[in-house]
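Following UniProt numbering, the numbering of the sequence shown begins with 1 at its first residue and continues without gaps.
Idealized CB from N, CA, C, for every residue including glycine.
See structure below.
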Amino acid sequence: MGPARTKRKNLQKRRKRRLFAAIAAEIQASEEAQRTPEQDELEQMRNEEERQRTHEQWQKEVEKSNGAFNKKRKILAQRQQLIISLRQVEKKKWLHFSLLLTKSCGWRSKCSR
Numbered sequence: 001m002g003p004a005r006t007k008r009k010n011l012q013k014r015r016k017r018r019l020f021a022a023i024a025a026e027i028q029a030s031e032e033a034q035r036t037p038e039q040d041e042l043e044q045m046r047n048e049e050e051r052q053r054t055h056e057q058w059q060k061e062v063e064k065s066n067g068a069f070n071k072k073r074k075i076l077a078q079r080q081q082l083i084i085s086l087r088q089v090e091k092k093k094w095l096h097f098s099l100l101l102t103k104s105c106g107w108r109s110k111c112s113r
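See below:
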């Protein structure tokens, strides 16, 4: 475990921490006992103001995030529409080409063989 000196030092540190924790608890208890209702109300008001500020900031961030999401969704929809229109154009070109090919060669001509 370690030498006796280390154990003694660690025990001394633990005792010191416990003593300071007990003193801090006593101070906090005495401060809470001395608090007036006005001080409690003031603290509640401050907490409410902070909560409102936090909520407003959260709402702004949500709106910003929603705006970015909607923008990306709009861009995606535009890209999908572009792909659909390009496919239609390619299909029309292919149909036009195949129609020209069948007209120029005829149905049973030697072009396709």
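In the DSSP assignment, the alpha helix (DSSP H) including residue i goes from what residue to what residue?
i	result
T36	Per DSSP, T36 belongs to no alpha helix (DSSP H) and is neither H nor E.
Within the same chain, show all residues whose beta-carbon is closer than 8 Å to that of residue i, passing over the 5 residues directly before and after it, in chain order.
i	result
S85	none
S98	none
For residue i, I'd like the list of residues in its chain whose CB is within less than 6 Å of its CB, leaving aside the five on either flank, ordered along the chain.
i	result
K64	none
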